[in-house]
Amino acid sequence: MISRMFAITRAIAGGAPASSLRPALVASAVTLLGLGLTAPAARAEPGPPRPGDPASTMIIGGQDATEPYSFMVSVQDRAGHFCGGSLITDRWVVTARHCIEKERPEDLRLRIGSLHKDQGGETRGVERLAWHPQGDTVAHDIGLIKLDQPAAGAPIPLDVRQPTGTPVRLLGWGCIESGQFCAPGGEPPVLQQLDSAIRQPAACTDPDEPIDPVSEVCTGNAETKAGPCFGDSGGPLLRGTPTGWRLIGAFSRVETSPPGPGEPDEGPNCRSGEGIYTDVPAHQEWINSVVSPTS
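Here our numbering is used: the first residue of the sequence shown is 55, the next is one more, and so on.
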């Protein structure tokens, strides 16, 4: 079974279940185009992962970010970080619908362009929230946040759809250990990155909520059980190019695999290493309709 992630990012003492932690937040789960724009030269240049490169074996199994990401966003409320996002223009951030559909703009604050969710970068308030009109289905788990002031950091352009096997990078401040909640110390102080690849949709199938290959992307490292988890919701899936990073996806949900020998029989717990991202380029027409100056 694949279940949309509940965006948990607090360190929880005493093993409180995920469902009790953020009743006011998202009830489901948990890191551009050009949009006609040319990304500024200030965009961080990656050392892009290449086909044949080994995947990171250290999100879960990730490592501290090795470079700045001017477009990386921490979506926060009064309690702190709970979702990720990506700056796609100087006024708009893309994230998961389930991160924002129950929120009010005045309750949110965004930290942009920092490797630390609690310091650095620039902070902005929120003027408006928007989500895909079909976002009540898992296949369109995408939303947009309009900043109250333009951001100074360089946004990330949208990519185009990529084939299976394309090397990708995941970013997020989510849990770094599997389980149904973040244990004390389970939230990284520094942004995590994980190199992976686009997987066959069949690797992320589920009879209850099957992946939609037209609007979703399967990724993660099942062989090392490394992938996205609680708190990574809305965060980016990237592809490196010689001219900079391109945005492929926004994290939506994970697979819940049958427990292995000696593992607890529980709900979503990030143990499989596989994650489903909303395909952001597939929603480009809707994005353009929202962020257009005339909209």
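We treat Cβ as the ideally placed atom computed from N, Cα and C, and that holds for glycine.
In this text, all values refer to a predicted model and were calculated from it rather than measured experimentally.
**Study point:** Beta-carbon proximity of Thr-295 to Ile-252, cut-off 7 Å
**Key:** Contact: no.
Point to revise | Residue of Leu-183, Arg-132, Gly-134, Glu-241 minimising C-alpha distance to Gln-117 | key: For the residues Leu-183, Arg-132, Gly-134, Glu-241, the minimum Cα distance to Gln-117 belongs to Glu-241.
Point to revise | Touching by the beta-carbon criterion (3+ pairs, under 8 Å), the segment 275-294 and the segment 159-166 | key: A contact is defined here as three or more CB-CB pairs under 8 Å, and the segment 275-294 fails this definition with respect to the segment 159-166.
**Study point:** Assigned secondary structure, Leu-87 (DSSP; H/G/I helix, E/B strand, else coil)
**Key:** Its pLDDT being 31, under 50, Leu-87 is placed unreliably in this model, and the value from its coordinates should be taken loosely. In the structure shown, the three-state DSSP call for Leu-87 is coil.
Point to revise | Buried versus exposed call for Ser-326 [16 or more other C-beta atoms within 10 Å across all chains shown] | key: Flag for Ser-326 reads buried.
Practice item. Thinking Gly-288 and Cys-153 are a contact (beta carbons under 8 Å), I'd like their distance in whole angstroms, please. Key: Gly-288 to Cys-153, Cβ: 5 Å. Contact.
Review point. Nearest-angstrom Cα distance between Arg-97 and Leu-224?
Key: Low local confidence applies: a pLDDT of 28 at Arg-97 is under 50, so the model's placement there is unreliable, with the coordinate-based value given in what follows. Going by the C-alpha atoms only, they are around 17 Å apart.
Exercise for review: Could you tell me whether any Cβ in chain B is nearer than 7 Å to the Cβ of His-337?
Suggested key: Checking the listed chains, one finds no chain B in this structure; it contains a single protein chain.
**Study point:** Residues that Tyr-331 bridges to, as DSSP identifies them
**Key:** Under the DSSP definition of a beta bridge, Tyr-331 partners with Val-271, Phe-305.
Exercise for review: May I ask you to report which of helix, strand or coil DSSP gives Glu-99?
Suggested key: Summary for Glu-99: the model assigns pLDDT 31, below 50, so the residue's position carries little reliability, and this model does not support an answer.
Exercise for review: Decide yes or no for the touch test of the segment 332-347 against the segment 191-200: beta carbon pairs closer than 8 Å, at least 3 of them.
Suggested key: They touch, by the three-pair rule.
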